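Residue numbers (the numbering used here): -12 to 177.
We put the CB at the ideal spot given by N, CA and C, even for glycine.
The structure displayed is predicted, hence computed values, not measured ones.
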């Protein structure tokens, strides 16, 4: 054979190292990408959770404030019906509209925070898409390494007749010794 046992064993050891390297590369790529995915999803949930809970608290406070404001209007209306004091009613309504404007501004901030949750920089779906895209990109590297492994194995496979055997047969023929064997076909079939 053209390749010695020791040489083949050494080459196989190198190929095994390549296989281990591929396995380690895949594990590291998955670990890194999975970590990034988990971080993106966690950030998404944290941002959403904070905005949703703050929004809920603020809206509850707004509803309580609106109930109180409604009572103030009813009280001012009753007082006006007794006193006909238009200035007092006007002052109460100005204060009330100031409070209403304050609540509208608070509601706009809440809506803005919720809008960031509804339209984030990166949604959970986008995080998964990025993860899949990164894995696909890494798969190209993995495939290249796998091709190197297959090529190394192919290079180590020697199914050719050893050149030394061919040389020996040619030498025997060249010397005319093959003529001494009467039935050459019987020897070849054995």
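_Distance between beta carbons of residue 31 and residue 114, contact taken as under 8 angstroms_ = Yes, residue 114 and residue 31 are in contact; Cβ-Cβ is about 7 angstroms, under 8 angstroms.
* Asked: Is residue 54 closer than 8 angstroms to residue 90 when the C-beta atoms are compared?
  -> The criterion of a C-beta distance shorter than 8 angstroms is not satisfied by residue 90 and residue 54.
Whole angstroms are fine: how far does the CA of residue 128 sit from the CA of residue 47? Roughly 54 angstroms separates the two Cα atoms.
Is it the case that the CB of residue 101 approaches a heavy atom of the ligand SAH more closely than 7 angstroms?
-> You won't find the ligand SAH in this model; it holds no ligand whatsoever.
How long is the line joining the alpha carbons of residue 12 and residue 155, rounded to whole angstroms?
If I take the Cα positions, the gap works out to 48 angstroms.
Margin query: Could you check whether residue 56 and residue 73 sit closer than 8 angstroms to each other, using their CB atoms as the reference points?
Written below: Pairing residue 73 with residue 56 gives a Cβ-Cβ distance that is not under 8 angstroms.
Exercise. May I ask which residues mark the beginning and end of the alpha helix (DSSP H) holding residue 19?
Key: Start and end: -8 to 70.
**Study point:** For residue 40, the nearest candidate out of 109, -7, 100 (CA to CA)
**Key:** Per the C-alpha coordinates, the member of 109, -7, 100 positioned closest to residue 40 is 100.
Once you ignore the five residues that flank residue -5 on each side, which residues in its own chain have a CB closer than 8 angstroms to its CB? 143, listed in sequence order.
message: In the DSSP assignment, the alpha helix (DSSP H) including residue 104 goes from what residue to what residue?
response: 73 to 105 is the extent of the alpha helix (DSSP H) around residue 104.
Let me check understanding here. Comparing Cα to Cα, which of 81, 66, 42, 117 lies closest to residue 97? Answer by Cα proximity: 42.
Practice item. Mark residue 126 as exposed unless 16 or more other C-beta atoms lie within 10 angstroms of its C-beta, in which case mark it buried. Key: Label assigned to residue 126: exposed.
Problem - Cβ neighbour criterion (16 or more within 10 Å) applied to residue 151 - result: A residue is called buried once 16 or more other Cβ atoms fall within 10 Å of its Cβ, and residue 151, having fewer, is exposed.
Self-check item: Burial state of residue -12 (16 or more Cβ within 10 Å)
Solution: Bear in mind that a pLDDT of 41 at residue -12, under 50, signals an unreliable position, so the number given afterwards is only what the model happens to contain. The residue is exposed, with fewer than 16 neighbouring Cβ atoms inside 10 Å.
Please report the straight-line C-alpha distance between residue 14 and residue 157, rounded to a whole angstrom. If I take the Cα positions, the gap works out to 54 angstroms.
Q) Is residue 135 near residue 5, with beta carbons less than 8 angstroms apart? A) Cβ atoms of residue 135 and residue 5: closer than 8 angstroms.
Review point. So what does DSSP say about residue 145, is it helix, strand or coil?
Key: Coil.
Exercise. Might you give, ordered along the chain, the residues of its own chain that have their beta carbon closer than 6 angstroms to the beta carbon of residue 121, omitting 5 neighbours on each side?
Key: Cβ within range, chain order: 20.
| query | Just the Cα atoms here: how many angstroms apart are residue 2 and residue 34? | reply | C-alpha separation (whole angstroms): 48 angstroms.
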